[in-house]
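Colleague:
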Amino acid sequence: MEITETVSIHIDGKPYQAQTGRNLLEACLALGFDVPHFCWHPALGSVGACRQCAVKRFRDENDQGGEIIMACMTPVTPGLRISIHDPEVLRFRAAVIEWLMINHPHDCPVCDEGGECHLQDMTVMTGHTRREYRFRKRTHRNQYLGPFIHHEMNRCIQCYRCVRFYRNIAGGRDLNVFGAHDHVYFGRHQDGVLESEFSGNLVEICPTGTFTDKTQKAHNTRIWDLQTAPSICVHCGLGCNTLPGERYGQLRRVRNRYHHEINGYFLCDRGRFGYEFVNSDKRLRTPLYRPERNIAQREMRLEELFQQAVLRLKNPGTIMGIGSPRASLEANYALRSLVGPENFYAGVTADEHALLELARTILTQGPARAVSVQEAARSDAVLVLGEDLTQTAPLLALALGGLGYQKAVAQARKVQLPAWDDAAVRQFGQEAKPALFIATPQPTRLDQAARTCVRAAPHEIAALGLAVQAELSKDSAAAPEAPEALAPDIAQALAKSERPLIVTGTSLGSPAMVQAAADIARALCRLGKSVGLICCVPECNSMGLALLQAKNLSAAFQKASEGRVDTVIVLENDLYRRAPAQAVDAFLQKAGAVMVLDHLRTPTSLKADMVIPVATFAQTSGTLVNNEGRAQRFHAVFPADETIPEAFRLLVELKQAAFGQGRPHLRPVLEDQRLELSRAFPVFSGLAEPLPSLAQPAPGGKVPRQSMGYSGRTAIHAAVSVHEPKPPHDPDAPLAFSMEGYEGQPPPELITHYHAPGWNSVQALLKYQSIAGGPLKGGSYGRRLFLQAPAAQSDFFEKLPPAIDLKAAERLLVPLHHLFGSEELSMAAPAVAQLAPLPYLALNPEDPLAEEGREVLLTVAEQTLCLKVKVMPGLCRGVAGLPMGLAGIPVVALPAQVVLTKGDAT
Amino acid sequence: MLSPEEIQEIQTALAHCESNFAAGLDALKIVQRRRGWISDETLQEVARFLEMTPAELDSVATFYSLIFRRQVGRHVILLCDSVSCWVMGYESLFEALKKRLGIGFGQTSADGRFTLLPHPCLGACERAPVMMIDDELYGPIEEEMIEKILARYE
Chain V
25 MEITETVSIH
35 IDGKPYQAQT
45 GRNLLEACLA
55 LGFDVPHFCW
65 HPALGSVGAC
75 RQCAVKRFRD
85 ENDQGGEIIM
95 ACMTPVTPGL
105 RISIHDPEVL
115 RFRAAVIEWL
125 MINHPHDCPV
135 CDEGGECHLQ
145 DMTVMTGHTR
155 REYRFRKRTH
165 RNQYLGPFIH
175 HEMNRCIQCY
185 RCVRFYRNIA
195 GGRDLNVFGA
205 HDHVYFGRHQ
215 DGVLESEFSG
225 NLVEICPTGT
235 FTDKTQKAHN
245 TRIWDLQTAP
255 SICVHCGLGC
265 NTLPGERYGQ
275 LRRVRNRYHH
285 EINGYFLCDR
295 GRFGYEFVNS
305 DKRLRTPLYR
315 PERNIAQREM
325 RLEELFQQAV
335 LRLKNPGTIM
345 GIGSPRASLE
355 ANYALRSLVG
365 PENFYAGVTA
375 DEHALLELAR
385 TILTQGPARA
395 VSVQEAARSD
405 AVLVLGEDLT
415 QTAPLLALAL
425 GGLGYQKAVA
435 QARKVQLPAW
445 DDAAVRQFGQ
455 EAKPALFIAT
465 PQPTRLDQAA
475 RTCVRAAPHE
485 IAALGLAVQA
495 ELSKDSAAAP
505 EAPEALAPDI
515 AQALAKSERP
525 LIVTGTSLGS
535 PAMVQAAADI
545 ARALCRLGKS
555 VGLICCVPEC
565 NSMGLALLQA
575 KNLSAAFQKA
585 SEGRVDTVIV
595 LENDLYRRAP
605 AQAVDAFLQK
615 AGAVMVLDHL
625 RTPTSLKADM
635 VIPVATFAQT
645 SGTLVNNEGR
655 AQRFHAVFPA
665 DETIPEAFRL
675 LVELKQAAFG
685 QGRPHLRPVL
695 EDQRLELSRA
705 FPVFSGLAEP
715 LPSLAQPAPG
725 GKVPRQSMGY
735 SGRTAIHAAV
745 SVHEPKPPHD
755 PDAPLAFSME
765 GYEGQPPPEL
775 ITHYHAPGWN
785 SVQALLKYQS
795 IAGGPLKGGS
805 YGRRLFLQAP
815 AAQSDFFEKL
825 PPAIDLKAAE
835 RLLVPLHHLF
845 GSEELSMAAP
855 AVAQLAPLPY
865 LALNPEDPLA
875 EEGREVLLTV
885 AEQTLCLKVK
895 VMPGLCRGVA
905 GLPMGLAGIP
915 VVALPAQVVL
925 TKGDAT
Chain U
20 MLSPEEIQEI
30 QTALAHCESN
40 FAAGLDALKI
50 VQRRRGWISD
60 ETLQEVARFL
70 EMTPAELDSV
80 ATFYSLIFRR
90 QVGRHVILLC
100 DSVSCWVMGY
110 ESLFEALKKR
120 LGIGFGQTSA
130 DGRFTLLPHP
140 CLGACERAPV
150 MMIDDELYGP
160 IEEEMIEKIL
170 ARYE
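Residue numbers (the working numbering), protein chains in the order written: chain V, 25 to 930; chain U, 20 to 173.
1. With a CB to CB cut of under 7 Å and the five nearest residues on each side skipped, what residues in its chain are close to residue 480 of chain V?
2. By the DSSP assignment, the alpha helix (DSSP H) with residue 47 of chain U in it spans what residues?
3. What are the residues in the region 138–168 of chain U lying within 9 Å of chain V by C-beta distance?
4. Determine the extent of the alpha helix (DSSP H) in which residue 568 of chain V is found, giving its start and end residues.
5. Could you tell me the distance, in whole angstroms, from the CA atom of residue 122 of chain V to the CA atom of residue 150 of chain V?
6. Going along chain U in order, which residues have a C-beta closer than 8 Å to the C-beta of residue 201 of chain V?
7. What does the Cβ neighbour count give for residue 157 of chain V, buried or exposed, with the cut at 16 atoms within 10 Å?
8. Between which two residues does the beta strand (DSSP E) carrying residue 75 of chain U extend?
9. Nearest-angstrom Cα distance between residue 376 of chain V and residue 807 of chain V?
10. Please work out which residues of its chain come closer than 6 Å, Cβ to Cβ, to residue 278 of chain V, disregarding the five sequence neighbours upstream and downstream, and give them in chain order.
11. Between residue 88 of chain U and residue 641 of chain V, what straight-line distance do the alpha-carbon atoms span, to the nearest angstrom?
12. Would you verify that the beta carbon of residue 87 of chain U is, or is not, closer than 8 Å to some beta carbon of chain V?
13. Check the Cβ-Cβ distances between residue 412 of chain V and every residue of chain U, and say whether any is below 8 Å.
14. Under 8 Å, do residue 113 of chain V and residue 43 of chain V count as touching if we go by C-beta distance?
15. Check whether the region 642–661 of chain V touches the region 343–354 of chain V, counting contact only when three or more Cβ pairs, one atom from each stretch, lie closer than 8 Å.
16. Bridge partners for residue 173 of chain U per DSSP, in chain order?
17. Should residue 61 of chain U be flagged as near chain V, meaning a C-beta pair shorter than 8 Å?
18. Does residue 74 of chain U come within less than 8 Å of chain V when only Cβ atoms are used?
19. Using the Cα positions of residue 533 of chain V and residue 357 of chain V, report the straight-line distance between them to the nearest angstrom.
20. State whether the region 566–573 of chain V contacts the region 339–349 of chain V, with contact taken as three or more CB pairs (one from each stretch) at a distance under 8 Å.
21. With a threshold of 8 Å between beta-carbons, can residue 204 of chain V be considered close to chain U, or not?
22. In this structure, does DSSP put residue 919 of chain V in helix, strand or coil?
23. Whose Cβ in chain U lies nearer than 8 Å to the Cβ of residue 212 of chain V?
24. If you measure from the beta carbon of residue 82 of chain U to each beta carbon in chain V, is any gap under 8 Å?
25. If we require 4 or more residues per run, which alpha helix (DSSP H) segments fall completely within the region 592–649 of chain V?
26. What residues in the region 187–201 of chain V have a beta carbon less than 7 Å from any beta carbon of chain U?
27. Just list the beta strand (DSSP E) runs in the region 513–550 of chain V, keeping only unbroken ones of 3 residues or longer that don't cross its boundaries, in chain order.
28. Count the C-beta pairs between the region 597–607 of chain V and the region 618–634 of chain V that are closer than 8 Å, then say yes if the count reaches three, no if not.
29. With DSSP run on the structure shown, which of helix, strand or coil describes residue 896 of chain V?
30. Should residue 453 of chain V be labelled buried (16 or more other beta-carbon atoms within 10 Å of its own) or exposed?
31. Should residue 254 of chain V be flagged as near chain U, meaning a C-beta pair shorter than 8 Å?
32. Within 10 angstroms of the Cβ of residue 30 of chain V, are there 16 or more other Cβ atoms? Answer buried if so, exposed if not.
33. Using a Cβ cut-off of 8 Å (strictly closer), state whether residue 479 of chain V contacts chain A.
34. With three or more C-beta pairs closer than 8 Å as the rule, is the region 222–239 of chain V touching the region 114–124 of chain U?
35. Jot down the residue ranges of each uninterrupted alpha helix (DSSP H) in the region 808–891 of chain V, minimum 4 residues, whole runs only, in chain order.
36. In terms of alpha-carbon separation, which member of V/857, V/923, V/894 and V/895 lies closest to residue 885 of chain V?
What follows is the structure, encoded as structure tokens:
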């Protein structure tokens, strides 16, 4: 690790303290100086290309002339003397921006970046106010880059940030720079959809309006008119922090919210562009009711349906509650309280539930630590077992894709090359292949960053894992007789490393593999290593649901089949995505009445007797637990509609009305749910602590969700009344639906937007950090629930999965996951749905049936499917891949052995 | 499709390079020598051969002004417009060529015979003003010589 020391430097004649190991630009910014810059970015390092961060350096106190240097390319050294405000350097910086602006159009009024544009900020900061250039500007043709990114090349100022992010960080190979001198062009070889799953970050990386958010453009709003609140992404289990923005009751966009330990500066495209399900016409917006099974659902006023629901709940029969891994802890807990713990079921099948329980066990019992995404990025040897991370936990893939660069940084340090000197470090360490090993059935996008990839079926991956474990603990009795050929290499790399990491997950449906991952971690712990363990989970609150220790959906089906269940309440869950259709049909048929609370119209809601539309994450608050066991709060971005209640509140109100419990006549609040939750489960004991500014009301009150420039507040209702309406009250968060309130930087957990005087773009984030790229001022947030007891000498699982004997014509059917397509909510966002594949069956090129587009038949779980073959080079032999979650692909328990036959067509 | 000769030459170039990326420019030159210019299809073929993406190779191709990404005539005239040639009468030479060929810089004559391009220095100041047709350097040139020189190219 790097050793830094605090040294004294002089800036414009005054002494300051700065850290060595940083560059001068970072040091100046950390000291609060506004030094303009373009090509430097905390996540990208320095290349010294744009010449904007020029400052003057003096040899000693007698040097009157000085020399102009680039701050981003100058290391902090003791006794450094510089000037930021020297007149010559001021002129230099103004000249640089004048050059950059020569071809930049005067289109700020129609540019989506306007108001949060780094170029605007820097132009104002350098004082370039008058354009002398009289000639024609060079113009470019824009490209079609897919449904996410809008391209406007004329606005480009050639800072190269886009390609540096796209190639170096995201590993994308289809965006590049073309041409030279005055006609440099950033784009693709030809028009087409950007291939990287992280392309959306171009919107925030680009310092001007060259790459903008196309989904936002379709319903554009000036950024100062957005109402924003801290939120958590609901599209996978990593819990990336987001800042969704709303105007006129519609979500307009999602931006990254910096979390030092999770997503850092970046989001994946599902997380950034999946938000449009909130505005979708697939939303449930009116309550529906049918008094009898054989008639159609009809619309009903919420109050009436509420009374019907209360009557129903007062029936003496059993009420069963089905929770959801995509609903908040509080909503799940409110349902559990309503129906009673014995009648509350997690809305996932026995198989998935067992896997989540296993994940919870290995992460809570140790001895390996559950680590965060950014901690994973600092590992020096990583073994990935079974997970196609780019598709199931994309930000983790992004982090691990940077291991090669981390290795190059470590090597470069030995020759005194500083970590921030990006181009030099990359040149120096371009051959550095990190100790990243990936074992999956199918090729993955992360393969290009790995040293070795193994293609194997799930049970073989588990066997490989056990072989690695056996290598690490040679005396282990369960060592397989013929260890996998690669096991010694992997074991050696892990044993040699200082910060090893084992990554696995639930997506392949293999408990043996997850156990093998835990066994390797345990073996490394016994060697005295500090081991990180990550187990990816499928949904935003999968882990939270697992912690509620409920029975599973299969048990609910079983109970319903045994006897009469009077009422089933399904919370934010489409059971048809969980279990085979016949099983769900039978279950819903058995129930006396089915009540569905959800925000999207689903096959389950179509079968319900009572449907109550509820708010999405954007209009309610709550807590989600991510895969590492970190409980994080999300806050309503805009108030819930009167006719679309928040699920947790509705459930508490139902309980009050039906059973007279709780605090009648008082509006239920989230804090009460958290308090009860923390009493009921020791693991949640920390959740009862109020948020910082709730504990100590800050001067000025609640943190405003709206910016200082929010427009139209008094005009919106002027036709009715010129009096301003009172802003809606939010009982659940220290945030206000208003422009007014707390002034200055709020506690890090409550940041609603990044802004500092003179800094209107996302680059203002550096004003919220003590050092660019470091933690937010005020420390980390999000409560980690799994802080293990000291490593217990627990036993290995050492369960070798039974070998699978494939008969002729049989394949092992394994699940494949798609970032765009396999997740339920984002598929209601048109831009994401557009990129989802059609159903297919993946086969290895050597498979006798492997012919692109050929129809094949397979029978699985008593259903016969006809699918078109997609030849997938690199797919493990004997394996067939079935894409999960796509329309037309039924829910089946995988892996499973299936027989393939040619379809009729061929 | 790359011809066997092209493939062999590219492989020879590859043997001198540490990575396929490094051989990108050489490969483009080899193919351009035979085909005159680099079409999108040609670029994609070379990229596939070098296991690069078209964007990666195109980034190299478009950086160099002598890799032609648009179709050129059968012969390419590079007219030097740097200081020495400018002092020695490049402008009148340019006017004469424009008049004779009926084209300006960046254009190809109607019969597909010549493409006229400016070149910032041909490295032959002692012979200024100069021009280069294909691989042949001419200079010092006077207006009267143009017709005779051009007649050598079909």
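We put the beta carbon where it would ideally sit given N, CA and C, even for glycine.
Modeller: Reading off the structure:
1. So the list reads 463, 465, 488 and 900, once near-sequence residues are dropped.
2. For residue 47 of chain U, the enclosing alpha helix (DSSP H) stretches over residues 43–54.
3. Per Cβ criterion, the list is empty.
4. Under the DSSP assignment, residue 568 of chain V falls in the alpha helix (DSSP H) whose first and last residues are 566–571.
5. Distance between the alpha carbons of residue 122 of chain V and residue 150 of chain V: 10 Å.
6. Those within 8 Å of residue 201 of chain V in chain U are 78.
7. So residue 157 of chain V counts as exposed.
8. That residue, residue 75 of chain U, is in no beta strand (DSSP E); its alpha helix (DSSP H) goes 73–82.
9. The alpha-carbon atoms of residue 376 of chain V and residue 807 of chain V are separated by roughly 25 Å.
10. Within the same chain, Cβ atoms closer than 6 Å to the Cβ of residue 278 of chain V are found at 266, 268, 296 and 299, the five residues on either side in sequence being excluded.
11. Their backbone Cα atoms lie some 51 Å apart in a straight line.
12. Closer than 8 Å: no.
13. Cβ-Cβ to chain U under 8 Å: no for residue 412 of chain V.
14. Not in contact: residue 113 of chain V and residue 43 of chain V (Cβ atoms no closer than 8 Å).
15. At 8 Å Cβ cutoff, the stretches touch.
16. Under DSSP, residue 173 of chain U shares a beta bridge with no residue.
17. Chain V, which has no Cβ nearer than 8 Å to the Cβ of residue 61 of chain U, makes this no.
18. Under the Cβ criterion of 8 Å, residue 74 of chain U is counted among the residues facing chain V.
19. Cα to Cα, residue 533 of chain V sits roughly 27 Å from residue 357 of chain V.
20. Yes: at least three Cβ pairs fall under 8 Å.
21. With 8 Å as the cut-off, residue 204 of chain V counts as an interface residue toward chain U.
22. If DSSP states are grouped into helix, strand and coil, residue 919 of chain V belongs with coil.
23. Correct list: 74.
24. Closer than 8 Å: yes.
25. The region 592–649 of chain V contains these whole alpha helix (DSSP H) runs: 605–614 and 627–630.
26. Residues 197, 198, 199, 200 and 201.
27. The beta strand (DSSP E) runs lying completely inside the region 513–550 of chain V and spanning 3 residues or more are 524–529, given in chain order.
28. Cβ pair count under 8 Å is three or more, so yes.
29. If DSSP states are grouped into helix, strand and coil, residue 896 of chain V belongs with coil.
30. Using a 10 angstroms sphere on the CB of residue 453 of chain V, the tally of other CB atoms reaches 16 or more, which defines it as buried.
31. It does not; no Cβ of chain U falls within 8 Å.
32. Answer is exposed; the Cβ neighbour count stays below 16.
33. In summary, chain A is missing from the structure at hand, where the protein chains are V and U.
34. By the Cβ rule, the region 114–124 of chain U does not count as touching the region 222–239 of chain V, because fewer than three pairs are nearer than 8 Å.
35. Whole alpha helix (DSSP H) segments, 4+ residues: 854–858.
36. Cα-wise, what sits closest to residue 885 of chain V is V/923.
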